[in-house]
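A.B. asks: Supplied in structure tokens, the structure appears directly below.
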Amino acid sequence: MTPAQEKNLWSGLVDHLKRNDLLPVVAFTFSRQKCDNNAINLTNLDLTSEKEKGHISMFFNKCIRCLKEPDQNIPQILNMRDILNRGIGVHHSGILPIIKEIVEMLFQRGLIKLLFATETFAMGVNMPARTVVFDSVKKHDGKELRDLEPAEYIQMAGRAGRRGLDSEGTVIILCKHGVPTEENLKKMMLGKPSSLVSQFRLTYGMVLSLLRVESLSVEGMMSRSFGEADHQKNMAEIKKQLEEVDHQMEELCRQQISSYLEPLVKFYDSATAYLQVKKQIMDNVMLSSKLQKTMTPGRVLVITCKNHINKLALLLQVARSKQVQYKVLVLTDSSTETNKEFKEDIWYHMLGLAQDKLFLPLGTPGHEILTISSTDIFEISAKSLKLNTEYIISDFEKRQMERFKDSPPGQTCVQAVQELHRLTLLTNDSSKSSNKLEYLHFIVDLRVNEPEMYNNLKKMYELKDRIVDYLPSTQIPNFAEQFATVFTRKFLEEKKKNLEFRLSNAMELKGRVACEMGMNELLITELVLRNILTKLRASEVAALLSALVFRVKSRSETIEDENLPSDLRKGIAEIKTVHQEIANLELSMGIQTDEFQEDLNFGLVHVVYEWASDKPFADIMQLTDIQEGIIVRCIQQLNETICDVRDAARIIGDPELQNKMEEASTAIKRDIVFAASLYTHGENL
Numbered sequence: 015m016t017p018a019q020e021k022n023l024w025s026g027l028v029d030h031l032k033r034n035d036l037l038p039v040v041a042f043t044f045s046r047q048k049c050d051n052n053a054i055n056l057t058n059l060d061l062t063s064e065k066e067k068g069h070i071s072m073f074f075n076k077c078i079r080c081l082k083e084p085d086q087n088i089p090q091i092l093n094m095r096d097i098l099n100r101g102i103g104v105h106h107s108g109i110l111p112i113i114k115e116i117v118e119m120l121f122q123r124g125l126i127k128l129l130f131a132t133e134t135f136a137m138g139v140n141m142p143a144r145t146v147v148f149d150s151v152k153k154h155d156g157k158e159l160r161d162l163e164p165a166e167y168i169q170m171a172g173r174a175g176r177r178g179l180d181s182e183g184t185v186i187i188l189c190k191h192g193v194p195t196e197e198n199l200k201k202m203m204l205g206k207p208s209s210l211v212s213q214f215r216l217t218y219g220m221v222l223s224l225l226r227v228e229s230l231s232v233e234g235m236m237s238r239s240f241g242e243a244d245h246q247k248n249m250a251e252i253k254k255q256l257e258e259v260d261h262q263m264e265e266l267c268r269q270q271i272s273s274y275l276e277p278l279v280k281f282y283d284s285a286t287a288y289l290q291v292k293k294q295i296m297d298n299v300m301l302s303s304k305l306q307k308t309m310t311p312g313r314v315l316v317i318t319c320k321n322h323i324n325k326l327a328l329l330l331q332v333a334r335s336k337q338v339q340y341k342v343l344v345l346t347d348s349s350t351e352t353n354k355e356f357k358e359d360i361w362y363h364m365l366g367l368a369q370d371k372l373f374l375p376l377g378t379p380g381h382e383i384l385t386i387s388s389t390d391i392f393e394i395s396a397k398s399l400k401l402n403t404e405y406i407i408s409d410f411e412k413r414q415m416e417r418f419k420d421s422p423p424g425q426t427c428v429q430a431v432q433e434l435h436r437l438t439l440l441t442n443d444s445s446k447s448s449n450k451l452e453y454l455h456f457i458v459d460l461r462v463n464e465p466e467m468y469n470n471l472k473k474m475y476e477l478k479d480r481i482v483d484y485l486p487s488t489q490i491p492n493f494a495e496q497f498a499t500v501f502t503r504k505f506l507e508e509k510k511k512n513l514e515f516r517l518s519n520a521m522e523l524k525g526r527v528a529c530e531m532g533m534n535e536l537l538i539t540e541l542v543l544r545n546i547l548t549k550l551r552a553s554e555v556a557a558l559l560s561a562l563v564f565r566v567k568s569r570s571e572t573i574e575d576e577n578l579p580s581d582l583r584k585g586i587a588e589i590k591t592v593h594q595e596i597a598n599l600e601l602s603m604g605i606q607t608d609e610f611q612e613d614l615n616f617g618l619v620h621v622v623y624e625w626a627s628d629k630p631f632a633d634i635m636q637l638t639d640i641q642e643g644i645i646v647r648c649i650q651q652l653n654e655t656i657c658d659v660r661d662a663a664r665i666i667g668d669p670e671l672q673n674k675m676e677e678a679s680t681a682i683k684r685d686i687v688f689a690a691s692l693y694t695h696g697e698n699l
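According to our numbering, the sequence shown is numbered sequentially starting from 15.
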């Protein structure tokens with residue numbers, strides 16, 4: 015419907031209700047913006063007498079006199095004053111808390127005749143009306159547009175009819191887009207309420223808190239819930255794995271690592287550090303728009319995947335699903351095909367890092383098509399071959415069938431193999447450096463300027479450069495055999511440490527800090543212990559922490575806001591990096607995060623920064639399209655998080671951070687954002 019049609023509809027409806035003595039009415043609308051628009055559009059509607067207008071005006075002025083004069087002139091307050099004087103009210107999460115309380119009190123006193131509200135008004139607030147109107151019986155639940163559930167309808171429709179005043183209540187459904195079917199109406203009005211479903215979820219904070227209390231256990235807590243979590247750790251299996259590792263370690267300890275292998279230990283440590291960072295960031299790097307344009311079929315890569323070590327590969331296809339995968343053509347020979355020994359991926363990747371030359375087939379080169387992940391890609395060359403890659407795939411798949419297994423490869427496939435072989439020879443020939451393949455440098459060639467990605471890539475390249483110092487130690491006869499001794503011992507040591515930690519139930523310093531957090535336990539703990547917050551000003555800390563509590567979509571592109579201080583922009587990049595590291599670690603441990611857990615939202619960083627810098631509320635409202643009430647609620651919740659960080663700083667003995675958190679809390683706890691509730695401080699209203 016057009017705005018004019020909406021206006022005529024509501025004007026006619028209210029006139030009908032007024033003539034039939036069916037006011038006051040609550041009009042449930044499942045959109046904050048629609049609530050506001052409906053109230054603003056009804057400028058010609060006046061439902062109050064002069065006496066009632068006087069009561070409303072006097073009450074309103076008494077309520078807002080606790081605010082500073084600039085705050086009393088905020089547009090939302092001025093608009094609401096005019097709307098309320100005409101007997102119309104608005105109630106939703108975007109309204110300032112003090113205004114919502116004014117609306118509720120005026121409604122209870124019978125001075126508001128028409129109230130536009132979202133469904134939250136029906137939850138827990140005892141404010142019935144004579145009539146309830148549904149703007150629609152469909153709502154969007156964040157996933158889809160669906161019919162109201164019976165429990166939702168009953169909760170809202172139940173507001174119709176005031177006990178002791180009305181003999182009956184009236185419920186009206188507006189049919190703007192057609193009349194609902196009889197079946198849907200019966201289901202909504204008479205259907206069985208939704209079954210009680212357990213919403214119990216184990217959180218990090220719960221587990222850590224239970225570990226501090228000897229008389230309680232996680233299992234005992236779960237047994238008292240409606241339903242038990244599906245994915246409990248099998249402790250018996252972990253103990254069995256630990257016993258196997260201990261047995262393997264005993265045998266290895268009988269053999270001391272020779273002194274000449276000590277450099278390989280340093281190579282292992284530096285390679286591990288590099289590969290861990292590479293694994294954490296490569297998926298995001300490969301998803302960047304610039305690299306997606308580069309990673310097209312025909313691109314020549316250097317890959318290591320299982321026993322295909324340090325090979326040139328031709329990119330054939332990019333499969334984008336939950337995790338991007340790449341189909342590539344590689345060269346093979348008899349040694350590749352017979353070496354089927356399985357080891358961890360990191361083993362093959364380390365062998366690839368130790369190679370100073372590309373794999374060159376012995377004799378006539380064979381070929382194979384692999385499906386690899388982004389972590390298997392070691393280099394992306396500037397070279398791209400103009401070949402029909404789809405034909406290569408179909409030709410290879412055809413020859414995997416029994417009846418065609420002896421058929422010769424097609425001409426395009428042969429051409430691709432020959433070109434990969436030629437490029438390998440040229441690149442391995444040290445006398446012809448001008449003919450070698452050139453590899454892309456992610457920072458330079460892709461012109462990365464996004465702070466988070468730039469910092470991650472810089473760290474990755476720095477770690478890669480450290481490996482070069484230890485490469486001479488890898489150029490020894492039977493390197494793989496010699497390195498296997500070092501790799502196995504180091505790998506088992508790390509595995510044993512991990513298994514013992516999972517069995518220990520011992521709480522370390524990080525656990526004690528995380529216990530103090532009400533939300534985002536892991537992320538905030540890492541930010542505190544990595545001193546990311548300590549080096550920032552109080553206003554900057556408050557601004558960054560707002561990303562943990564702000565959950566409303568915004569059009570603001572904070573990371574590109576040139577008005578933000580450089581330290582704040584850098585802090586955003588660091589928080590994103592830590593957040594991604596935690597997500598990757600959870601994924602590697604098989605932990606599924608809660609489906610309601612959302613990503614960080616930096617949409618209010620600039621707003622909170624200016625507020626913590628003592629800017630008036632009216633000024634910060636010019637920086638965003640987010641409604642006043644949502645900003646106030648976000649800053650109030652932010653104060654709780656700041657207090658959690660303050661307590662964490664006390665635990666780790668960081669007085670500087672503790673004082674900074676107290677300063678940040680003081681900076682945001684002022685004026686309209688923390689105005690006292692009228693219910694507790696409005697005795698004389």
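Cβ coordinates follow ideal geometry from the N, Cα and C atoms, glycine included.
(1) Straight-line CA distance for Asn-87 to Gly-643?
(2) Is His-154 helix, strand or coil when you go by DSSP?
(3) Out of Leu-401, Phe-564, Ile-295 and Thr-132, which has the shortest C-alpha to C-alpha gap to Ile-645?
(4) What residue range is occupied by the uninterrupted beta strand (DSSP E) comprising Ser-302?
(5) Hey, how far is the Cα of Asn-598 from the Cα of Leu-204?
(6) Would you say the beta carbon of Glu-670 comes nearer than 7 Å to a heavy atom of the ligand PLP?
(7) Do Leu-671 and Leu-578 have their C-beta atoms closer together than 8 Å?
(8) Beta strand (DSSP E) containing Ala-8: first to last residue?
(9) Quick check on this structure: which residue in Met-675, Lys-157, Ala-171 and Met-119 has the alpha carbon closest to the alpha carbon of Val-151?
(10) Hey, how far is the Cα of Ser-421 from the Cα of Arg-413?
(11) Ser-63 lies in the alpha helix (DSSP H); which residues open and close that run?
(12) Who are the near neighbours of Ser-25 in its chain, counting only those whose CB is closer than 8 Å to its CB and skipping five residues on each side?
(13) Can we say the region 503-515 touches the region 625-635, given the rule of at least three CB pairs closer than 8 Å?
(14) Spell out a yes or no on whether the region 123-134 and the region 35-43 are touching, meaning 3 or more CB-CB pairs, one atom from each, closer than 8 Å.
(15) Thinking C-alpha only, which one of Asn-198, Leu-159, Pro-277 and Asp-260 is nearest Val-482?
(16) On the CB-based measure, 16 or more other CB atoms within 10 Å of its CB, does Glu-574 come out buried or exposed?
(17) For the structure I just gave you, are there three or more beta carbon pairs, one from the region 292-310 and one from the region 320-337, closer than 8 Å?
(18) Hey, quick one: how far does the alpha helix (DSSP H) through Ser-487 stretch, first residue to last?
(19) Please list the terminal residues of the continuous beta strand (DSSP E) segment that includes Ala-143.
(20) How many whole angstroms separate the CB atoms of Ile-686 and Leu-81, which I take to be in contact at a CB cut-off of 8 Å?
(21) Going by the CB atoms, is the gap between Ala-663 and Ala-556 shorter than 8 Å?
(22) Check whether the region 66-85 touches the region 46-55, counting contact only when three or more Cβ pairs, one atom from each stretch, lie closer than 8 Å.
(23) Assuming the contact rule is C-beta atoms closer than 8 Å, Ser-395 and Tyr-453 should be a hit. Round their C-beta distance to whole Å, please.
(24) Pick from Thr-539, Val-621 and Val-566: whose alpha carbon is nearest that of Ile-596?
(25) According to the Cβ coordinates, are Leu-326 and Leu-345 closer than 8 Å?
(26) Are there 16 or more other CB atoms within 10 angstroms of the CB of Cys-189, so buried, or fewer, so exposed?
(27) Kindly indicate which residue of Gly-192, Gly-312, Leu-36 and Met-202 has the alpha-carbon position closest to the one of Thr-184.
(28) Do you know how far the Cα of Pro-17 is from the Cα of Leu-199?
(29) Reducing DSSP to helix, strand and coil, say where Ala-690 ends up.
(30) Is the separation between the beta-carbon of Ser-560 and that of Leu-471 shorter than 8 Å?
(31) Figure out for me which residue from Leu-179, Asn-469 and Ile-112 has the closest Cα to the Cα of Val-592.
(32) So the beta strand (DSSP E) Gln-339 belongs to, where does it begin and stop?
(33) Are the beta-carbon atoms of Leu-125 and Thr-62 separated by less than 8 Å?
(34) For Gln-90 and Ser-691, what's the separation of their Cα atoms in angstroms?
(35) Comparing C-alpha positions only, which one of Asn-615, Pro-486, Lys-629 and Met-675 sits nearest to Ala-552?
(36) Alpha carbon to alpha carbon, what distance is there between Met-15 and Leu-23?
C.D. replies: Result, derived from the coordinates:
(1) For the purposes of this step, residue 87 is identified with residue 73 of the sequence shown, where counting begins at 1. For the purposes of this step, residue 643 is identified with residue 629 of the sequence shown, where counting begins at 1. Approximately 15 Å, taken between the alpha carbons.
(2) As a first step, residue 154 is located in the sequence shown; it is residue number 140 there, counting from the start. DSSP places His-154 in strand when its eight states are reduced to three.
(3) As a position in the sequence shown, residue 645 is number 631, starting the count at 1. Looking at the Cα atoms, Phe-564 is the closest of the given residues.
(4) The residue you call residue 302 lines up with position 288 of the sequence shown. No beta strand (DSSP E) contains Ser-302, which DSSP labels as neither H nor E.
(5) As a working note, residue 598 is residue 584 in the sequence shown. As a working note, residue 204 is residue 190 in the sequence shown. If I take the Cα positions, the gap works out to 47 Å.
(6) This structure lacks the ligand PLP, and indeed carries no ligand of any kind.
(7) Position 657 of the sequence shown holds residue 671. Position 564 of the sequence shown holds residue 578. Not in contact: Leu-671 and Leu-578 (Cβ atoms no closer than 8 Å).
(8) An answer regarding residue 8 cannot be provided, because it is not within the stretch 15 to 699 covered by the chain.
(9) Taking the first residue of the sequence shown as position 1, residue 151 is located at position 137. Measuring from the Cα of Val-151, the nearest candidate turns out to be Ala-171.
(10) Reading the sequence shown from its first residue, position 407 is the one you call residue 421. Reading the sequence shown from its first residue, position 399 is the one you call residue 413. Taking the straight line joining both Cα atoms gives about 7 Å.
(11) Counted from its first residue, the sequence shown places residue 63 at position 49. First-last for Ser-63: undefined, no H or E at that position.
(12) Here residue 25 is taken as the residue at index 11 of the sequence shown, counted from 1. These residues qualify, in order along the chain: Leu-56, Asn-58 and Leu-59.
(13) no
(14) yes
(15) Taking the first residue of the sequence shown as position 1, residue 482 is located at position 468. With distances taken between Cα atoms, Val-482 lies closest to Pro-277.
(16) Translated into positions along the sequence shown, residue 574 becomes position 560. Because the pLDDT of Glu-574 is 49, which lies under 50, any placement of that residue in the model is unreliable, and the number read from its coordinates should be weighed accordingly. The residue in question, Glu-574, is exposed, as its Cβ has fewer than 16 Cβ neighbours within 10 Å.
(17) yes
(18) By 1-based counting over the sequence shown, the position of residue 487 is 473. Premise fails: Ser-487 is in no alpha helix (DSSP H) and is neither H nor E.
(19) If you number the sequence shown from 1, residue 143 lands on position 129. Per DSSP, Ala-143 belongs to no beta strand (DSSP E) and is neither H nor E.
(20) Counting from 1 along the sequence shown, the entry for residue 686 is found at position 672. Counting from 1 along the sequence shown, the entry for residue 81 is found at position 67. Confirmed, Cβ separation roughly 6 Å.
(21) Along the sequence shown, read from residue 1 onward, the residue named residue 556 stands at position 542. Along the sequence shown, read from residue 1 onward, the residue named residue 663 stands at position 649. No.
(22) no
(23) By 1-based counting over the sequence shown, the position of residue 395 is 381. By 1-based counting over the sequence shown, the position of residue 453 is 439. Correct: roughly 6 Å between the Cβ atoms.
(24) Residue numbering aside, residue 596 sits at position 582 when the sequence shown is read from its first letter. Selected option, being the one with the closest Cα: Thr-539.
(25) Position 312 of the sequence shown holds residue 326. Position 331 of the sequence shown holds residue 345. Yes, the Cβ-Cβ distance between Leu-326 and Leu-345 is below 8 Å.
(26) As a first step, residue 189 is located in the sequence shown; it is residue number 175 there, counting from the start. With fewer than 16 Cβ atoms within 10 Å of its Cβ, Cys-189 is classed as exposed.
(27) Within the sequence shown, residue 184 is the residue found at index 170, counting from 1. Nearest C-alpha to Thr-184: Leu-36.
(28) One-based indexing of the sequence shown puts residue 199 at position 185. One-based indexing of the sequence shown puts residue 17 at position 3. Distance between the alpha carbons of Leu-199 and Pro-17 is about 27 Å.
(29) Numbered from 1 along the sequence shown, position 676 holds the residue referred to as residue 690. Coil at Ala-690, not helix or strand.
(30) Counting from one through the sequence shown, the residue named residue 560 turns up at place 546. Counting from one through the sequence shown, the residue named residue 471 turns up at place 457. No, they are not a contact pair.
(31) The residue you call residue 592 lines up with position 578 of the sequence shown. Selected option, being the one with the closest Cα: Asn-469.
(32) Numbered from its first residue, the sequence shown carries residue 339 at position 325. Segment 339-346, the beta strand (DSSP E) holding Gln-339.
(33) As a working note, residue 125 is residue 111 in the sequence shown. As a working note, residue 62 is residue 48 in the sequence shown. Their beta carbons are under 8 Å apart, which means Leu-125 touches Thr-62 by this criterion.
(34) Here residue 90 refers to the residue found at position 76 of the sequence shown. Here residue 691 refers to the residue found at position 677 of the sequence shown. If I take the Cα positions, the gap works out to 18 Å.
(35) What you label residue 552 is simply residue 538 of the sequence shown in a count that begins at 1. Nearest of Asn-615, Pro-486, Lys-629 and Met-675 to Ala-552, Cα basis: Met-675.
(36) Position 9 of the sequence shown, counted from the first residue, corresponds to residue 23. Position 1 of the sequence shown, counted from the first residue, corresponds to residue 15. Looking at the two C-alpha atoms, the distance is approximately 10 Å.
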